[in-house]
Amino acid sequence: MQEQLNINLPEGSIEKQTTRLNLGPTHPATHGVFQNILEMDGERIIKTESTVGYIHRAFEKIAERRPLYQITTLTDRLNYCSSPINNMGWHLTCEKLLGVKTPKRVDYLRVIIMELARITDHLICNSIVGVDTGAYTGFLYVMQYRELAYEIYEEVCGSRLTTNMGRIGGFERDFSFAAFQKLEKFLNEFPAVWKEFENLFNRNRIFVERTRGTGAISAERALNYSFTGPNLRAAGVDYDVRVHSPYSSYEDFEFIIPVGTTGDNYDRFMVRNAEIWESLSIMKQAYQKVQDFKGAEAEVYHADVPEYYLPEKADVYTKMEALIYHFKIVMGETDIPAGEVYQSVEGGNGELGFYLITDGGRAPFRLHFRRPCFIYYQAYAEIVKNTMLSDAIVTLSSLNLIAGEMDA
Amino acid sequence: MSLTNNFIKEKLTNQFGEFILGIEESYGMLSVTVKSEVNLKVLTFLHDDAELSFNFLTDLTGVHFPDRKGEELSVVYHLHNLVKNARLRIKIYVPVEKPDVYTATGLFSGANWMERETYDFFGVNFVGHPDLRRVLNVDEMDYFPLRKEFPLEDQTRVDKDDEMFGR
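First to last, the protein sequences are chains A and B. Counted the way the working numbering counts, the first sequence spans residues 40 to 447. Counted the way the working numbering counts, the second sequence spans residues -17 to 149.
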């Protein structure tokens, strides 16, 4: 018999010994990419040990050899529920370094895609919170609209999950007619579906009792733990990168930042719900603005950065400069100016930051991703301490843990 | 009142004068290099000062400069004053032979894993850290992989024969 050490049993406990439990499988990632080892007093958690890093892919190291445009594919794999935001964040970082000014139409198209990605991200998170509290229906029902969103990505860039969307300076091609058609379909149909989803949950007694008051974190602790995104806003702090340091012309849009009060699971759920409505409103405004462009302006889809933006294939065959740039870009022979940049975007989970140092070579000298997931997940042990096991499971999913973003 | 870079610069220079090694501004963000032994004092001052109150740690990471003798490793803090919306970068340099840096976990709970990550990849020894273990790499690892002396595999190498992956 293995000797049990019961030093952790709190006073008044009726148990004879603590139980060690490997939490899961609940969240898809608890099947192997991270572990939570709980020390339990009956059903109460007294200690949590989180082990992460099982899918660390050394992106920061790999990036030190790649030319800028090849790093976009690495960013896809951070938060894979909203890859386009990561892609755009990376392009914005490069554009800041290179001093590229993007045309308004590019900004608005980016906003459309980023908000669509935010919706898919929040949609997954919230419906998974539903699944973990016992309501599978909502999850399957809204999933068809994630499918539609992925079809829009597919129309825009050709792929669905790891999108590798856009280029430095804009998009690789203009949005197709089908892309706009599907976008309209999404904007027309999704609100009603999301309303139904909300009707299923928001005042559902079982759901409310499972989530309200559980997994709470105060605003002070959340700030101290460097929380960002919906998890911070649920605690009552109205920090949103889109408003604090606007990028991609977010200052042109009207939207509110939903905030919660208690920072519990229910508030996190409601903040994400409200953000979906705001995102829809931003998408509509952006789509309207895109439609308002007339003449030549209505066909712009990239900035003029010949050194970093792949030229048209027809030009490559017929024009000298285009051929040279094509060759230099594909072979990664363009020297990047030396500099030090920090650029952040509001990702699905919070402030996704890119800290880029270049020394004048063809690849970054150092690239660091500020992954919101990695940073706020360390608070999990504190949040679930002295709570019941069943609350810990809901807390895990309502924090929205994306293993790809945690490990980089 | 908004926090301007000049104001922050003045305030820091008044307080820490000789401990400041360099101040630069790149792409709008003020970047201050301080002596490594005062990093915690500077962070505490920035955190507690009523006017500055940089009480949000956005990011903490390391950089390895193999060519800078005696100050090979750098630790970079990105701070944010959310109310006045000002960002600030603090840098320190330590020699690779003795990479001792005071931990910021007392000020920011969020620095815990960020420092563990920096230790994990660069071997920066955060003095006073409550639990300085590797976080992303395996525990048995005995080197610090993001240091520059570990190059990525040569993509053109031909000596590797792998039936499964065809190279």
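From the three backbone atoms N, C-alpha and C, an ideal C-beta is built for every residue, glycine too.
Using a Cβ-Cβ cut-off of 9 Å, H161/A does not count as an interface residue toward chain B, since no Cβ of chain B sits closer than that to its own. Neighbourhood of D446/A in chain B, by CB distance below 7 Å: L118, in chain order. When DSSP states are grouped into helix, strand and coil, D80/A belongs to the strand group. Residues of the region -11 to 12 of chain B whose Cβ lies closer than 8 Å to any Cβ of chain A, in chain order: S8, Y9, M11. The beta carbon of P345/A is closer than 6 Å to those of Y364 in its chain, skipping five residues each way along the sequence.
Cβ contact annotation for D41/B (same chain, cutoff 8 Å, sequence separation greater than five): V58, Y59, H60, M96, in chain order. Taking C-beta atoms as the reference points, T111/A and H95/A fail to come closer than 9 Å. CA-CA distance, I296/A to E317/A, rounds to 8 Å. Cβ proximity to chain A below 7 Å picks out P127, L128, L134 from the region 124 to 144 of chain B. Proximity to F103/B across P127/B, M123/B, V117/B peaks at P127/B, based on C-alpha coordinates. For N425/A, the closest Cβ of chain B is not nearer than 9 Å. For K73/B, the uninterrupted beta strand (DSSP E) run begins and ends at 68 to 76, by DSSP. The beta carbon of H46/B is closer than 7 Å to those of E54, L55, F104, L128, R129, K130 in its chain, skipping five residues each way along the sequence. For V181/A, no CB of chain B lies under 9 Å from its own CB, so it is not counted at the interface with that chain. Per the coordinates, the alpha-carbon of M127/A lies some 14 Å from the alpha-carbon of V195/A. In terms of beta-carbon proximity, H111/B stays away from the interface with chain A, with every pair separated by 9 Å or more. Identification of chain B residues near L262/A by a Cβ-Cβ cut-off of 8 Å yields N37, F38, L64, ordered along the chain. Between the region 161 to 172 of chain A and the region 238 to 247 of chain A, the count of C-beta pairs closer than 8 Å reaches three or more; the two stretches touch. For D41/B, DSSP records a beta bridge to H60/B. E372/A and F90/B have their alpha carbons spaced roughly 42 Å apart. With at least 16 other beta carbons inside 10 angstroms of its own, Y348/A counts as buried.
A distance below 6 Å between beta-carbons, with the five flanking residues on each side excluded, links D146/A to the following residues of its chain, in chain order: S287, S288. Taking a Cβ-Cβ cut-off of 7 Å, the neighbours of F413/A in chain B comprise W95, given in sequence order. Rounded to the nearest angstrom, the Cβ distance from T85/B to V109/B is 6 Å, consistent with a contact under 8 Å. Taking CB atoms only, F103/B has a neighbour in chain A less than 9 Å away. As the crow flies, the alpha-carbon of S436/A is around 16 Å from that of E248/A. By the neighbour-count definition (other C-beta atoms within 10 Å, threshold 16), F393/A is a buried residue. A contact is defined here as three or more CB-CB pairs under 8 Å, and the region 139 to 156 of chain A meets this definition with respect to the region 196 to 211 of chain A.
Listed by position along chain A, the residues whose Cβ is nearer than 8 Å to that of N67/B are H283, S284. Here the alpha carbon of A353/A sits roughly 51 Å from the alpha carbon of M123/B.
G128/A sits in a helix when the DSSP states are folded into three classes.
In the DSSP assignment, Y381/A is bridged to Y394/A.
Counting only the Cα atoms, S52/A lies some 48 Å from I124/A. DSSP, reduced to helix, strand and coil, places V16/B within a strand of the structure shown. Cβ-Cβ distances below 8 Å link F(-2)/B to V16, V20, K23, V24, F27 in the same chain, with the five nearest sequence neighbours on each side left out; the list follows chain order.
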